[in-house]
Amino acid sequence: MSTGTVSFTGAAQILRPPRDGLDQLRGADLAGQTLAPGGLTAVGGVIAALEPDPRAGLAVDAHGCAILPGFIDCHTHLPFAGWRAGEYEQKVGGVRYEEIARTGGGIASSARALRESSDEQVLVQSRGLAAEMLAAGTTTFECKSGYGLSREQELRSLRLAQALAAEVAQTTTSTALLAHSVPSGYTADTWMDEVERMLPEVLAPGGVSALDIFVESVAFSNAHLERMGALAAGAGLALRCHVEQFGGYRSVPVALAAGARSVDHLATLHPDDVEPLAQADCAAVLLPAAEFLGAEHRAPGRELLDAGAIVVLGTDANPGTAPVVSMPLVIGLAVRLYGMTTREALAAATLNAAWTLGMARTLGSIEVGKRADLVLLDAPAEHVAYRLGHNPVELAFIAGEPVYVRDERAAARIGLR
Ligand code: NIG
Ligand code: FE
């Protein structure tokens, strides 16, 4: 058979949605996912059959493995420059995020680091992180700007995201987080005027698929969220937003009225906003690494699931609140912190994350016709959460090509030694 055919045999588990053609999983469909033994075949990078093909050019021995769709990390702040380990020590000592931000730390400090780094320095760090992500099974991830805090540096940040996209194995998307922190010399209002003026230039090169904003006492308000929503709608882009992370501002009704694709964080979500969010076609993106490391508040993950929301998980990879890039770790934290089942957490890290990025038609689940972005785990899927801190990924495939091979055992599975 042609070398473009790859066949997986003997898997102990293959994660499948309850039915084909679902763009996201919520409510009863989450428990309807199956983890049955079997095999599958990909031709030309696309899943062609849910059974092995003995004539395939590449035969993958998946005995003992779980096969999952590649993880989709729909909320990261790559590319960024440097780290902020000192802030973590402050946090552990009891200093709150808001105080750190007000005293020159936080986003402003990463903006300084970005300004002072060369393009190559930013790309070296970001490439390294993308490689770590791949080794932990992330086959698609979102990039955000947001550490620019000036027109010039925001444009640069989006250019760096495009440069990164060209260099890494993964598929990436770019979100313009144009309202992250109020740059010095501006008020929140005058910066939003600047955002509106710079938008044509931001969008001109193409590649940006969403706008984002941080609503917080140290950042922007619900009125600015409404304004960003109008800009996104006018530009035909998705609206994403960092809301209810520290203070509770009742931003979710505002985001829903603005037609947001996702509301991210939700650690201080008002109980009355759970139901409207659950009824909406808007993703509830939970970021348990940021909550665990910040130790200030916890999103009502179980309540959102029980109410039928589109629940999604992401790393929030950034130098401040979540210096974490591993989706298996995020899944493990989410299962424990929110009381999620393995199936709920896996859907949140794959198909629902694909939906958040507008990619659910081609990515995020194991279905005939979808791209063969797959991970093979060294254990049953339940071990992803259970063996917290262990990376279970032996092999990762993007469009049917092996892009990550962990060790000799993994190499032997694809016939390499
Ligand atoms: O998602 N909340 C806003 N943005 C980031 C943190 C930014 C930072 O502190 O660098 C987040 O947690
Ligand atoms: Fe974030």
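In my numbering, the protein residues as written are 534 to 950.
Beta carbons: idealized from backbone N, C-alpha and C, even for Gly.
Item, Value
"Same chain only: Cβ atoms within 7 Å of L667, ignoring 5 sequence neighbours per side", "A702, Q703, A929, V936 and Y937"
"Nearest residue (CA-CA) to A592, options G572, L568, G627 and T889", "G572"
"Of the residues R645, D562 and R794, the one placed nearest C815, counting alpha carbons only", "R794"
"Completely contained beta strand (DSSP E) runs for the stretch 802 to 862, where each covers 3 or more residues", "816 to 819 and 843 to 846"
"Contact test: D849 Cβ vs ligand 2 heavy atom, cutoff 6 Å", "yes"
"Closest Cα partner of L558 within the set L837, P856, D849 and A855", "L837"
"Alpha carbon of L802 to alpha carbon of S859, nearest angstrom", "25 Å"
"Bridge-paired residues (DSSP) for K677", "T708"
"Residues bridged to T542 (per DSSP)", "D594"
"Cut-off 6 Å between Cβ atoms - residues of its own chain near A743, not counting five sequence neighbours on either side", "T708, L770, A771 and R773"
"With 16 other Cβ atoms within 10 Å as the buried cut-off, status of D940", "exposed"
"Between the CA atoms of L583 and R904 - distance to the nearest angstrom", "13 Å"
"Nearest residue (CA-CA) to E685, options L697, R730 and G670", "R730"
"Identity of the residue in A544, F674, F541 and F613 nearest G891 by Cα", "F674"
"Whole-number beta carbon distance between R617 and S643, since they are thought to touch under 8 Å", "7 Å"
"Any non-hydrogen atom of ligand 1 closer than 6 Å to S643 Cβ", "yes"
"Heavy atom of ligand 1 within 6 Å of T854 beta-carbon", "yes"
"Cβ pair A917, A881 closer than 7 Å", "Correcting the residue type first, residue 917 is Val in the shown sequence and not Ala. Cβ atoms of V917 and A881: not closer than 7 Å."
"Integer-rounded CB distance, given that A599 should sit under 8 Å from P861", "That pair is no contact at about 12 Å."
"N-terminal and C-terminal residue of the beta strand (DSSP E) that G639 is part of", "Careful: G639 lies outside any beta strand (DSSP E), inside the alpha helix (DSSP H) at G639 to E649."
"Limits of the beta strand (DSSP E) - the one that D745 falls within", "V741 to I746"
"Member of A811, A832 and A790 whose CA lies at the smallest distance from the CA of E777", "A832"
"3-residue-minimum beta strand (DSSP E) runs that sit fully inside the stretch 761 to 809, ordered along the chain", "771 to 776 and 795 to 798"
"For E934: DSSP bridge partner residues", "I931"
"Heavy atom of ligand 1 within 6 Å of A823 beta-carbon", "yes"
"Range of the contiguous beta strand (DSSP E) that encloses A581", "V579 to A582"
"Spatial neighbours of N755 in its chain, beta-carbon cut-off 8 Å, leaving aside the 5 residues before and after", "V748, Y782, R783, S784 and V787"
"Terminal residues of the alpha helix (DSSP H) in which T889 lies", "L884 to T889"
"Straight-line gap, P587 to A842 (C-alpha atoms, nearest Å)", "41 Å"
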